[in-house]
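Step one of this worksheet: look at the structure below.
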Amino acid sequence: MSAAEKGMAELLVRADREERFSAVMAYIKHQVSAILDLGCGIGALSTRLAERCSSVLIVGIDRSKCLLSRLEKKKNVLTVLSDIPLLTFQEGFL
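Anchor point for the sequence shown: position 65 equals 67 in this note's numbering, and the numbering is continuous, going up by one each time.
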């Protein structure tokens with residue numbers, strides 16, 4: 003893991019992120035079937051979403067293989083190693 007990745011991992015586990023996580027979770031509608039977490043890092047948000055929304059597919063995307071490897075494994079979480087600008091979506095997907 004590079005120094006930059008270590009620094010990012012430490013930032014992502016800080017306790018002050020809880021307020022932002024709570025705000026995101028409050029925004030989620032009950033009928034949602036999938037959630038895309040772009041730049042998920044170690045998956046702090048993805049993991050919380052997976053626990054709260056066990057019937058929803060959580061897709062965590064990050065360009066760091068090392069950070070993705072630290073994401074807690076959940077049955078409803080799919081990880082994708084990719085750089086966000088390289089992602090392509092079918093027309094009408096978003």
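A virtual CB, placed ideally from N, CA and C, is assigned to each residue, including glycine. Predicted, not measured: the structure shown is a model, and the values here were computed from it.
Item, Value
"C-alpha distance - Met27 paired with Gly62, whole-angstrom precision", "15 angstroms"
"Spatial distance of Tyr29 from Ala6 (CA atoms)", "31 angstroms"
"Straight-line Cα distance separating Ser48 from Leu40", "10 angstroms"
"DSSP three-state assignment for Val58, whether helix, strand or coil", "coil"
"Helix, strand or coil at Ile86 according to DSSP, with G and I counted as helix", "helix"
"Distance, Ile60 Cα to Leu38 Cα", "6 angstroms"
"Pairwise C-alpha distance: Lys77 and Cys68", "20 angstroms"
"Where the beta strand (DSSP E) through Leu40 begins and ends", "Ala36 to Leu40"
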